[in-house]
Amino acid sequence: MAQVSGAKVPTAVDEVPPGTVCSGCGQEGKIECPICAKLKAPKIYYCSQECFKQNFNNHASVHQLYMKVSKFVPPPFNYTGTLRPHYVSPRRKVPDHIPKPDYAEHGDPISERISSRGYTTPIYTQQEIEGIRLACQKSREVLDMAANMIKPGVLPEDIDAAVHNMCIEMGAYPSPLNYKGFPKSCCISVNEVICHGIPDFRPLQNGDIVNIDISVHYKGYHGDVNETFVVGEVDEVGKQLIKTTYFALEEAIKIVRPGTLFRDFGEVISSYCQRNGKFSVVRSYCGHGIGELFHCAPNIPHYAKNKAVGACRPGMIFTIEPMVNEGTYQDVTWPDDWTAATADGKRSAQFEHTILVTKDGCEVLTARTSKSKKQWWEEEAETAAGATTEATEAKE
Ligand code: MF3
Ligand code: CO
């Protein structure tokens with residue numbers, strides 16, 4: 111069905127949304143491209159058969175792409191839930207003028223492998239801290255943009271493209287891209303995917319929960335932040351899972367100060383998740399030091415009774431990023447060698463911040479701003495507060 115020219119002509123469709131424009135000439139769109147419709151590609155409209163024919167060759171690349179999308183077959187695997195991998199587009203390019211981490215070309219984070227910072231937690235200088243703070247602020251801006259794209263029908267592929275382009279526009283390199291061969295510019299993890307989901311062509315669906323994990327490399331330093339959101343209407347357990355994970359991270363942040371043992375974060379997180387939904391905490395993936403390197407010491411487990419050695423000191427910078435599951439804590443890895451899914455196919459949520467230890471507490475370097483996308487419980491609180499204000503004003 112690839113090279114249909116003239117054989118299949120578009121026909122008038124019943125429901126053309128109001129304001130539809132012809133993708134050829136910009137006039138009123140009246141007919142739909144039948145090939146796009148058949149391939150379930152985004153709808154494209156034309157004003158007339160003439161415009162359709164004239165633009166067919168330009169437009170054919172979309173058909174070729176969606177041919178691949180529709181033909182993609184997930185590799186055989188004992189998938190634990192209902193989610194399956196979908197088509198992943200080729201690796202995006204980063205222009206030469208963007209400063210890149212060492213692995214950008216070949217995928218091997220050599221500096222990370224050979225550095226003593228793999229086992230000795232760095233204490234950063236004031237100048238380094240300023241650089242990492244900036245990278246964290248950039249990561250936050252990108253996450254906020256990406257989070258605002260979330261709605262049913264949107265492709266993780268589209269979010270990844272927007273993340274990639276925004277990074278380049280701000281002069282940053284999207285840290286995940288080619289890190290140990292990771293194929294995309296951010297991680298997008300849906301439902302039973304715990305982390306490291308590869309942005310693909312599966313449209314987000316009403317009822318999904320989705321995590322977007324953003325890391326950027328800016329002027330020599332990395333920042334790392336992630337959040338989980340609902341897509342449309344999500345059931346109560348799913349919402350409880352997200353909210354519990356969010357506040358488990360908040361609980362852990364409350365105890366970050368000089369002297370706190372790395373192993374203590376896991377106690378706080380685990381007990382909070384147990385008390386607020388009997389949820390379990392993932393053990394295979396941990397928080398990490400970050401800065402000039404994407405990943406370095408310390409290792410921060412999120413589960414109870416872990417054996418992490420060491421304590422917080424002023425000038426340390428690390429992530430806390432608990433992954434919390436509805437069912438078992440155990441994970442399996444998909445054949446793509448990246449996607450970590452729950453062993454029982456039940457859902458998983460995650461939140462992450464990059465945190466600086468200060469002399470009397472901490473600074474959340476990836477903190478949300480007034481522009482950050484709100485969670486439903488915050489919107490509900492605002493609506494309630496608004497209603498109260500109105501009621502009070504009405505009384506006066
Ligand atoms: N951002 C992830 C973290 O929190 C790391 C992703 S590595 C990648 O550590 F290669 F998958 F991107
Ligand atoms: Co991280």
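Residues in the sequence shown are numbered consecutively from 111, following the working numbering.
Backbone N, C-alpha and C define an ideal beta-carbon position, used for all residues, glycine too.
_Paired residues, beta bridge with V474 - DSSP_ = I465
*With 8 Å set as the bound, which would you pick, yes or no: does the beta-carbon of P184 sit closer than that to a beta-carbon of chain B?*
Of the protein chains in the structure, only one exists, and it is not chain B.
_Environment of H332 [buried if 16+ CB atoms lie within 10 Å]_ = buried
*Neighbourhood of I260 by C-beta distance below 7 Å, restricted to the same chain and skipping five residues each side*: L314, V320, F339, V341
_Nearest-angstrom Cα separation, counted from P262 out to N288_ = 28 Å
*Say the cut is 7 Å; is the CB of D345 nearer than that to a heavy atom of ligand 2?*
no
*Between V131 and the rest of its own chain, which residues show a CB-CB distance below 6 Å, the 5 nearest in sequence each way excluded?*
G139
_For F339, the first and last residue of its enclosing alpha helix (DSSP H)_ = Not the alpha helix (DSSP H): F339 falls in the beta strand (DSSP E), residues 331 to 340.
*Please report the residue range of the beta strand (DSSP E) in which A459 lies.*
458 to 460
*Check S115 in the structure and name its three-state DSSP category.*
Residue placement at S115 is flagged as unreliable, the pLDDT there being 43, under the threshold of 50; the coordinate-derived value follows with that caveat. S115: coil per DSSP, three-state reduction.
*asked:* Between which residues of its own chain and Y81 is the CB-CB distance below 6 Å, once the five residues before and five after are set aside?
replied: Coverage of the chain is limited to positions 111 through 506, which leaves residue 81 absent and any answer about it impossible.
_My output table needs one value for G397: the three-state DSSP class, helix, strand or coil._
strand
_Determine whether the beta carbon atoms of G387 and C422 lie at a separation below 8 Å._
no
*Integer-rounded CB distance, given that L244 should sit under 8 Å from Y328*: 6 Å
*A282 versus P266: straight-line alpha-carbon distance, rounded*: 20 Å
*For G399, count neighbouring Cβ atoms within 10 angstroms of its own Cβ and tell me buried if that reaches 16, exposed if not.*
buried
*Leaving aside the five residues before and after F428 along the sequence, list all residues of the same chain whose C-beta is less than 7 Å from its C-beta, in chain order.*
G397, H398, G399, I400, P408, I410, I465
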